[in-house]
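Colleague: Once you've had a glance at the structure underneath, I'll fire off some questions.
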Amino acid sequence: QVQLVESVGGLVQPGGSLRLPCAASGGTCSLYVMGWYRQAPGKARELVANIASGGSSNYEDSVKGRFTISRGNAKNTVYLQMNSLKPEDTAVYYCHAVGWDTRVYWGRGTQVTVSS
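Numbering (our numbering), first residue to last: -1 to 114.
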């Protein structure tokens, strides 16, 4: 059973940066896609970015050019580098993974707050 463990988010000033790592354990060789979703208060959960095992990635339009997603060499860790953060990036961020068997896994979520 795959478990996803996110790092603690935090409070960042507008324009600041934050890096979110997420590590997978248990059956990690079976992960096809890893990524991050977020959910702001009163809004639906949305995809922020994901990256496939081959390296192809997708980004939500509002984060293009500001966020970068990458996977570790062992393919069991995913990183979300967030630059030029805006107050509208405030949300609970969830690590997400999909196995080759199409099973979906979620982390517990970590709060990211962008505020002065």
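Note that CB positions come from ideal geometry on N, CA and C, so glycine has one too. Note that this is a predicted model, so its numbers are computed, not measured.
Under 7 Å between the Cβ atoms of valine 61 and asparagine 48?
Modeller: Within the sequence shown, residue 61 is the residue found at index 63, counting from 1. Within the sequence shown, residue 48 is the residue found at index 50, counting from 1. Not a contact, by the Cβ cut-off of 7 Å.
Colleague: Given that a residue counts as buried once 16 or more other Cβ atoms are within 10 Å of its Cβ, and exposed if not, what is aspartate 87?
Modeller: Counted from its first residue, the sequence shown places residue 87 at position 89. Label assigned to aspartate 87: buried.
Colleague: Quick check on the DSSP output: the beta strand (DSSP E) that includes serine 55 runs from which residue to which?
Modeller: Taking the first residue of the sequence shown as 1, we reach residue 55 at position 57. Residues 55 to 57.
Colleague: Would you check if there are 3 or more beta carbon pairs closer than 8 Å linking the stretch 79 to 94 to the stretch 31 to 46?
Modeller: Enough Cβ pairs lie closer than 8 Å, so yes.
Colleague: Using the DSSP secondary-structure output, state which residues sit across from arginine 64 in a beta bridge.
Modeller: To locate residue 64, count along the sequence shown from 1; it is residue 66. Partner(s): none; arginine 64 has no beta bridge.
Colleague: State the DSSP-derived secondary structure class of proline 85, mapped to helix, strand or coil.
Modeller: Here the question's residue 85 lines up with position 87 in the sequence shown. In this structure, proline 85 counts as helix in the three-state DSSP scheme.
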